[in-house]
Structure formats: structure tokens, C-alpha cells
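Heads up, the thing below is written out as C-alpha cells.
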Ligand SMILES: [Zn+2]
Ligand SMILES: [Zn+2]
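Residue numbers (this note's numbering): 16 to 464.
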């Protein structure tokens, strides 16, 4: 079957795909709460004839197309989660959730590709299989909710992909691809790029002592002042960050007192650290912890820090990137093919998976506005979703061709891939909660990083 015949199958799915894009857009759900989205996808996949594996106590799905011949397994991913953007004009009025990162289009494209291969059945000369996985919780938000899921043992990891790795959804997968909506440039584009920053989330809890702000401030230990000094310490460190490491440090104050008449006894900060390598992320983490400790030590407050390794740094597989560019050239509707050298300073949880297999995160145009913001919307759903379905289909056809051994060899050469179980152990070793400042009896102060 030639390229054109495959693209004819792709075009036949347009109505169903565009309907799915609108349906999921209209019912946004945040991470690990995508129950309606998962149910919708399940119904559609089962109607196509797939046997669907579900996540049980978390929303997740996988379905597999099999060529009937032995060969590699390619995974096509679709993220399901929305963000909390209450100011978004189309946010869910009850939850404030909105699809401000365009993941609704990913789920629709996953359905479209599954429909193409369901329709083809075993009437191909391809080998191997395709696993379609609908993934929850890519965005690292609602930390308190994730904590509660972790505490109850429901999840072992903070985001969807490592959690599904832990649950065996990726066992037997040899490579994975994911098309993400892009608003730059707007439409008819397919872009590849080198990779994304890793991300560590820190929660800093300063514990001081409340006192009457007018009558006896000398009896208080001002936790808000500790947090503000820490924030200034972090600002002072920015000149030590190198451009080539793409460091980002963003902090918010979650708690800083309840009444101006009371010296705040507690303050809490949430900080996101990002950098392009694990090595730099570790160094920045030590510096930021020191700044937090210095703020606490100045006023004599206690400080507990909790580190969550949200996203490892992610590198796109360069051979897969080249294959994407080659396939994009075969899609008549794609007008702009971009081989970008720009490092993405945001983060994705694909880094967990990329440590175990070749992975490619692809940007497909069709959205506009500010990603994660109130202005975000899908302006060209046909370009976005159908170009993604076409790309997934052509990629799968290339990777499962009878003569695809060489490209698989190239994708894996020069990389040291971990096994999934090894990577899960690696990820688990990062999270920690510890006391930072220790006061000695003689007035000495120790800050532990
Ligand atoms: Zn996002
Ligand atoms: Zn996203």
C-alpha cells in the first residue's frame, strides 16, 4: 500500500476526530481525574473493535493493534489532562479546568490513528504492533491532591507516564511518539526540536512563632520574613546561572500569615526549578536549598523542605526526529516543516520514558494564544488533529515496515537505555523531605542541603 492510500484512510476519520476534539475540549479534567475523558475514549476504541486495558483506580487506557507478524511495538501516546485556568473563557465553571495546553487534540488524534489501523486490520505487509496509550496527568499541578493519592498508595509517581510505566503499560514497547499542539507558528506546521528542561518541585515550610504584632513582636519569629529573605537569596543567585543551562527558578508564596495584627508563625513557598541536565538541576537545587535555609536561619525559624522530582530532562531521539521530518514531507497539508535547534525550557514527563527507549515529542500547529493561559484556544482543529493522525500513521508504517531493521538500529545506537524497572528505581530515589536548619546549643547554625 502506498503513502497516498494510507492518507486516504486517514482522511476518512476526519469527522470522528474533529467531533472528539470538541467533545474533550468541552469537558476538561485535570490530572488523575480524567474519568469522563477516559470513558469517552474507551467507548470509541471498543466500538472500533479494540480490547481496552483500563487503569483501574486511575484514568488510563491502552489498546493494541497487531499486524499478525512478529516485530517491534510502536507506542502512540495521547495525553488527556487539562489545567486549572479559572479565568479561561471556556473553563469548567465548577472546577476551573480548561484545555489550555491542547491535550484534547492529542486524545482526538490518538482515536483517529487507532481508527485507521482498525479499518486496515491485517490487510498490510507491516510487522509488529502499535500500542495506543491514553495517559493522565502530564501537567504537574494540584500537588496537594497528588500527595493524597500518593499517601493512599494509588499512585507511586507524580505524573502519568512514570506512573503508567510502574503499572506495566509500557512493557514491550520499543519506541514512543507524541504529537503536541503548538501555537507557534499557528497552523499547517510540524516541528521537531532537541528536548526539554527537567523539573524539580520544592515545597518550603517555614515555622516561626506567632505573637501580637503591636504589643509583643519581639516574642515572635516571623516566618513570612524568613520566606521573603529566602526569596531575595534566590534572586541574588540568578547571576550564577549560565545561559547554556537554561535554568528557570519560579516561586510562589502559598501562605504568609492570616492577619496583619499577628506575626506570621507559618509561611509556605512552592518553587519550580528547571534546567537542561540532571547535573545542573542538582547544583541549582543545592543553591536554592541554601538560600531557603539562610532565610530561615536569619530569623531563627525552622524549615522543612520537600523535593519532588517532577520531570527528568528530556531529549528527543535524533533519528526519530529525522524520520518525523521525512514523514511530514509526505503530508500534502503540511506547509511548514521545522527542524528547530531551540531547547524547550518548559518540561514534559516524557523524560522518564526516554531513558528507556527512543521517544519523540512533536509540535503540530493549529492552536493560538498563550499556552497555559486564558487566551489559549484551538484555532485550526483540522490542521492540528488530522496532520497529527497522518504523521502517526506514516511514522508507524515506516517503523513497522519489513525493512525497518536499520532505522531501529540507528535509533538505539549511541544510547544507553535503562530497563523500565531500573528507571523506576532511579526516579524513586530523588524524592525526599528533610529539615534544613539545625540550631546548636552554643548558638551555632547548620544548614543542610
Ligand atoms: Zn502544558
Ligand atoms: Zn502540554
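Where is the CB? At the ideal position from N, CA and C, for every residue including glycine.
query	result
Residue span of the beta strand (DSSP E) that contains residue 342, given as start and end	Note, residue 342: premise wrong, no beta strand (DSSP E); alpha helix (DSSP H) at 333–343.
Exposure of residue 432, with buried meaning 16 or more beta-carbon neighbours within 10 Å	exposed
Within 8 Å, strictly: CB atoms of residue 426 and residue 373	yes
Closer than 7 Å: residue 450 CB and nearest ligand 1 heavy atom	no
Cβ pair count under 8 Å reaching 3, the segment 141–153 against the segment 213–224	no
Nonlocal neighbours in the same chain, by C-beta distance under 7 Å from residue 357, ignoring five residues either side	208
beta-carbon residue 443 near ligand 1 non-hydrogen atom, thresh 7 Å	no
Residue nearest to residue 96 in terms of C-alpha spacing, selected from 34, 23 and 174	174
Separation of residue 253 from residue 218, as counted between CA atoms	19 Å
Beta-carbon spacing of residue 24, residue 137 below 8 Å	no
Counterpart residues of residue 217 in DSSP-defined beta bridges	286 and 322
Heavy atom of ligand 1 within 7 Å of residue 88 beta-carbon	no
Whole-angstrom distance between residue 194 and residue 35, CA atom to CA atom	16 Å
Own chain residues within Cβ distance below 7 Å of residue 183, not counting five before or after	none
The segment 28–42 touching the segment 111–123, judged by at least three CB pairs closer than 8 Å	yes
Reduced DSSP category for residue 118 - H, G, I as helix; E, B as strand; rest coil	helix
Proximity below 8 Å, CB of residue 360 to CB of residue 289	yes
Cβ separation of residue 406 and residue 343, assumed to be a contact under 8 Å, to the nearest whole Å	6 Å
Alpha-carbon spacing of residue 28 relative to residue 127, whole angstroms	6 Å
Whether residue 60 touches residue 150 by CB criterion (8 Å)	no
Cβ-based burial, residue 383 [other Cβ within 10 Å; buried from 16]	buried
N- and C-terminal bounds of the alpha helix (DSSP H) containing residue 162	158–166
Where residue 202 falls, given that 16 or more other Cβ within 10 Å makes a residue buried	buried
Residue 154: CB within 7 Å of a non-hydrogen atom of ligand 1	yes
Counterpart residues of residue 81 in DSSP-defined beta bridges	144
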